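So the structure is just underneath, and the comments pick up after that.
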Amino acid sequence: MSALDFFALTGAALVGLGSYGLIAIRHLLRQIIAFNLIGSGLFLFFGAAAVRGGDSDPVPQALIITGIVVALSASALAVGLVVAQAEASGHAELPDGDKASDGPDDAENAT
Amino acid sequence: MADMATYVLTGLGLMFFLAGTVGLIRFPDTFSRLHALTKADNLGLGLTALGIAFQAQSWREIALLVLIWALALLSSGTVAQLVARTALNETDPE
Amino acid sequence: MILFDATLCALIIAVALAIVAGRDSFRAIVFFIVYGLFVSVAWVRLDAVNVALAEAAIGAGLTAVLFLAGIGRLRRAHVQADESVPLHLPAASACTGLTAALGWAWFALPLPDRPGPQLAQAMPQAGVENAVTAVLLNFRAWDTLLESVVLLAALIGVWTLTRDGNWSAPVGLPQHVRPGGVLSGFGRVLPPVGFLVGVYLVYAGTSRPGGAFQGGTVLAAVGLVAAMAGMVRPPRITATGWRVALIIGPLVFLLAGVAGEMLGSGFLTLPVAIAGNAILAIEIALTVSIAVTLAFLVLGPPESDDSGGSAS
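Residue numbers (this note's numbering), protein chains in the order written: chain A, 1 to 111; chain B, 1001 to 1094; chain C, 2001 to 2312.
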């Protein structure tokens, strides 16, 4: 196992961890953090692939930099949406199936 | 000769970082933890930067290392003050 | 050195576990900052210093500030949330399968062609020596142009979340800073130094690791520090100056592309003679836009003080 394999497998593990976080965590802000984990895990995987074959390839690195910036933009929009939803409903989580009946009451209690 | 200086200084710096981390984990409250963190970590960073400076190829690199250390010192000092003040306000409302 | 890489990867996974399984949001964000710095070191080990700079500045730094601001606004709205994460077995097994599939894909990937010949032949015509900058701003300039527009689109999306009456209110909440205190002193000392560092990163990006995105992020951070320390009045998004600063990057980029078309070498293809200076000019405009856009993205939609409540 070379060092590159370590980085690629770490990237794969991060994608798995981030996906688990996205599904299992209920708090919306932490779901966005888990989403960022998926993104950076994929970048690590891609970046390790860029070094295969000897020299480091600048084209994937440029694409990864673009990806990091776009991930930040998406996270910023997501955080804005989460805060707006929380201010309107009073919860930082989306209602589950069994809590769905509480929905209209929260809207009436909103500021 | 320069390599030996790098090893010694970087090793010393790492020991200071270790001391700071032990303090962070073992001390009982926020203020003593801040004390351990800022003092030990800043000194550790300074020693590590000094050790790396022996490997520098030009004066420009040494100047950059000094700048990095100064910026880290400035920001960690400020942050420690702010954290301490917030902790003080929370534990001592009057 | 492989021991170093193995330890680094183990640490990255351990910190990621702490993020996912942690007890509350603040803890998750602190671990996220640590995670970002470790990934930055991993990028250096992968011989991608430009990416390491971008990850440290944007991934670890600015994203964490964004999340901290988000938590602050949630707390101000008195939002309570149950933060326990019970173990979700179906998701755990599905995600383990996902990881295994990606790991299998890694070992099954065919070895790529060397990037050598075509890129090495094209580099002398690029105008800059940093290969990543050349790819970003010359060979794959289309991607970067669209990326700068995506940043702008995200900002407009954030602005649409403003309540109707608040459109001309200042962005970000008013800061309570003690005059003569530590934060105001910091806000006086850091911005000039940070400004120089940001400008240097942009200029050095032509021959050394650096670039418009990394420098722009440093400048955005400097602006945020100045705003947090009360040195700068909170901006209003209705101001024409800020709007011009936001669009000047994509606009100059687009004009350069059209100029390339009119000069006969094709849309977004820079003629070799002026490539170096053109890239620098585009980078300067792009840096201004990136810095202002990122700062506004973190500051959020304009809100007035009465919709929040207590001081932070």
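We put the beta carbon where it would ideally sit given N, CA and C, even for glycine. These figures come from a predicted structure and were not determined experimentally.
Legend entry - Buried versus exposed, by CB contacts within 10 Å (16 or more), A107/A: The predicted model places A107/A with a pLDDT of 46, which falls under 50 and marks its position as unreliable, so this point remains unresolved.
Inset, instruction - Taking G39/A and V2051/C to be in contact with their CB atoms under 8 Å, please state how far apart those CB atoms are, rounded to whole angstroms. - result: Incorrect: roughly 13 Å between the Cβ atoms, too far for contact.
Legend entry - Any C-beta of chain A under 8 Å from that of E2147/C: Interface residue, yes.
Legend entry - Opposing strand residues paired with R2243/C [DSSP bridges]: According to DSSP, which records beta bridges pairwise, R2243/C is partnered with nothing at all.
Legend entry - Helix, strand or coil at R2236/C according to DSSP, with G and I counted as helix: Annotated three-state conformation of R2236/C is strand, per DSSP.
Legend entry - Paired residues, beta bridge with I2171/C - DSSP: The residue asked about is misnamed: residue 2171/C is Val in this sequence, not Ile. Looking at the DSSP output, V2171/C shares a beta bridge with P2302/C.
Legend entry - Near the ligand SAH: L1009/B beta-carbon under 7 Å from a heavy atom: Summarising the ligand content, the structure contains no ligands, and the ligand SAH is consequently not present.
Inset, instruction - Tell whether a beta-carbon distance below 8 Å holds between P2170/C and R2236/C. - result: Yes; because the gap between Cβ atoms is below 8 Å, this pair is in contact.
Inset, instruction - Classify E1061/B as helix, strand or coil using the three-state DSSP reduction. - result: Three-state DSSP puts E1061/B in a helix.
Inset, instruction - Can you give me the Cβ contacts of A2245/C inside the same chain, cut-off strictly under 7 Å, excluding the 5 residues immediately before and after it? - result: For A2245/C, where only same-chain residues beyond five positions count, the Cβ hits under 7 Å are V2288, S2289 and V2292.
Inset, instruction - Keeping to the same chain, check which residues put their C-beta closer than 8 Å to that of A12/A; ignore five residues upstream and five downstream. - result: So the list reads G41 and F45, once near-sequence residues are dropped.
Inset, instruction - For Y1007/B, count neighbouring Cβ atoms within 10 angstroms of its own Cβ and tell me buried if that reaches 16, exposed if not. - result: Classification of Y1007/B: exposed, given that the 10 Å Cβ count is below 16.
Inset, instruction - For K99/A, count neighbouring C-beta atoms within 10 Å of its own C-beta (all shown protein chains included) and say buried if the count is 16 or more, exposed if not. - result: Interpretation of K99/A is limited by its pLDDT of 47, a score under 50 that renders its predicted location unreliable; the figure taken from the coordinates is listed afterwards. By the Cβ neighbour-count rule, K99/A is exposed, with fewer than 16 other Cβ atoms within 10 Å of its own.
Legend entry - Cα-Cα separation between I2013/C and E87/A, rounded to whole angstroms: Cα to Cα, the separation comes out at about 34 Å.
Legend entry - Minimum Cβ-Cβ distance from Q1081/B to chain C less than 8 Å: Output row for Q1081/B: interface = yes.
Inset, instruction - To the nearest angstrom, report how far apart H1035/B and A2028/C are at their CA atoms. - result: Cα-Cα distance, rounded: 24 Å.
Legend entry - Counted within 10 angstroms of its Cβ, other Cβ atoms place L75/A as buried (16 or more) or exposed: A quick correction: the sequence has Ser, not Leu, at residue 75/A. Buried, because 16 or more other Cβ atoms sit within 10 Å of the Cβ of S75/A.
Inset, instruction - Verify whether the separation of the beta carbon atoms of Q61/A and A2141/C is less than 8 Å. - result: Taking 8 Å as the Cβ cut-off, Q61/A and A2141/C do not qualify as a contacting pair.
Inset, instruction - Could you pull out every residue in the same chain whose Cβ sits closer than 8 Å to the Cβ of S101/A, ignoring the five residues on either side in sequence? - result: Because S101/A sits at a pLDDT of 46, beneath the cut-off of 50, its placement in the model cannot be relied upon, and the point is left open.
Inset, instruction - Would you list the one or two residues that DSSP bridges to H91/A? - result: According to DSSP, which records beta bridges pairwise, H91/A is partnered with Q2080/C.
Inset, instruction - For chain B, find out if any of its Cβ atoms is closer than 8 Å to the Cβ of F2139/C; answer yes or no. - result: Chain B contact via Cβ: absent.
Inset, instruction - Express the C-alpha separation of V2232/C and T10/A in angstroms, rounding to a whole number. - result: Taking the CA atoms as reference points, T10/A sits about 42 Å from V2232/C.
Legend entry - Those runs of the alpha helix (DSSP H) which lie wholly inside the stretch 2017 to 2099 of chain C and span at least 4 residues: If we require 4 residues or more, the alpha helix (DSSP H) runs fully inside the stretch 2017 to 2099 of chain C come out as 2025 to 2045, 2049 to 2054 and 2063 to 2076.
Inset, instruction - Run down chain C in chain order and give the residues with a C-beta less than 7 Å from the C-beta of Q61/A. - result: Within chain C, the residues near Q61/A are A2048, N2050, V2051 and V2132.
Inset, instruction - Determine the direct distance from the alpha carbon of A1002/B to that of L2066/C, and round the result to whole angstroms. - result: Taking C-alpha positions only, L2066/C is separated from A1002/B by approximately 43 Å.
Inset, instruction - Name, in chain order, the residues that DSSP records as bridge partners for H27/A. - result: Secondary-structure assignment with DSSP links H27/A through a beta bridge to E93/A.
Legend entry - Where H2176/C falls: helix, strand or coil (DSSP): Correct three-state label for H2176/C: coil.
Inset, instruction - Could you tell me whether any Cβ in chain C is nearer than 8 Å to the Cβ of T1074/B? - result: In the sequence on display, residue 1074/B carries Leu and not Thr. Yes - at least one Cβ of chain C is within 8 Å of the one on L1074/B.
Legend entry - Inter-stretch contact (C-beta, 8 Å, three-pair minimum) for the stretch 2264 to 2280 of chain C and the stretch 2129 to 2138 of chain C: Short answer: they touch.
Inset, instruction - Assign P2176/C to buried or exposed, taking buried as 16 or more other Cβ atoms, counted over all protein chains shown, within 10 Å of its Cβ. - result: Correcting the residue identity first, residue 2176/C is His in this sequence and not Pro. With fewer than 16 Cβ atoms within 10 Å of its Cβ, H2176/C is classed as exposed.
Inset, instruction - Could you tell me the distance, in whole angstroms, from the CA atom of A2256/C to the CA atom of I2274/C? - result: Whole-angstrom Cα-Cα distance: 11 Å.
Inset, instruction - Find out if the Cβ-Cβ distance for the pair F7/A, A2006/C is shorter than 8 Å. - result: Cβ atoms of F7/A and A2006/C: not closer than 8 Å.
Legend entry - Spatial neighbours of V2158/C in its chain, beta-carbon cut-off 7 Å, leaving aside the 5 residues before and after: L2297, G2300 and P2301, listed in sequence order.
Legend entry - Where the stretch 2021 to 2042 of chain C meets chain B: residues whose CB sits under 8 Å from a CB there: Within the stretch 2021 to 2042 of chain C, no residue has a Cβ that lies closer than 8 Å to any Cβ of chain B.
Legend entry - Host alpha helix (DSSP H) of G2230/C (start-end): For G2230/C, there is no enclosing alpha helix (DSSP H), as DSSP marks it with neither H nor E.
Legend entry - Contacting residues, own chain, Cβ-Cβ under 6 Å from G2323/C (five flanking each side not counted): With chain C covering only 2001 through 2312, there is no way to say anything about residue 2323/C.
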